[in-house]
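Participant:
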Amino acid sequence: MSIVKSLAKAKMENKKVELHTKGGEKLIGIVLSLSDSKVTILLGYSAKRDFLISHLVSVDILDEKIGVSL
1090 MSIVKSLAKA KMENKKVELH TKGGEKLIGI VLSLSDSKVT ILLGYSAKRD
1140 FLISHLVSVD ILDEKIGVSL
């Protein structure tokens, strides 16, 4: 399943996603919006910052080569 399809399914089911960016950052949150090139999530946790946060983060799917865990 493609990344966009995985994110679309998570958005539809209102499930948390775990994104791994090529920069090594792990982001956990809820998908708010999605296009073919960008995903916006309500971020609940950032492993790089190692604390709980609550703000919007947009990730460029094409540039970041993200991996998704549902």
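In case it helps, the working numbering puts the sequence shown at residues 1090 to 1159.
For every residue, glycine included, the Cβ atom is placed at its ideal position computed from N, Cα and C.
(1) Given a threshold of 16 other Cβ atoms within 10 Å of its Cβ, counted over all protein chains shown, does G1112 qualify as buried or as exposed?
(2) Does DSSP put E1114 in a helix, in a strand, or in coil?
(3) Give me the Cα-Cα distance between E1107 and L1132, rounded to the nearest whole angstrom.
(4) Since K1094 is in the alpha helix (DSSP H), which residue starts that stretch and which ends it?
(5) What's the call for L1121, buried or exposed, on a 16-neighbour Cβ count within 10 Å?
Facilitator: In this structure, then:
(1) When all chains shown are included, G1112 counts as exposed.
(2) Here E1114 sits in coil by DSSP.
(3) Answer to the nearest angstrom: the Cα atoms are 10 angstroms apart.
(4) Counting along the chain, the alpha helix (DSSP H) containing K1094 begins and ends at 1092-1102.
(5) L1121 is exposed by the Cβ-count criterion.
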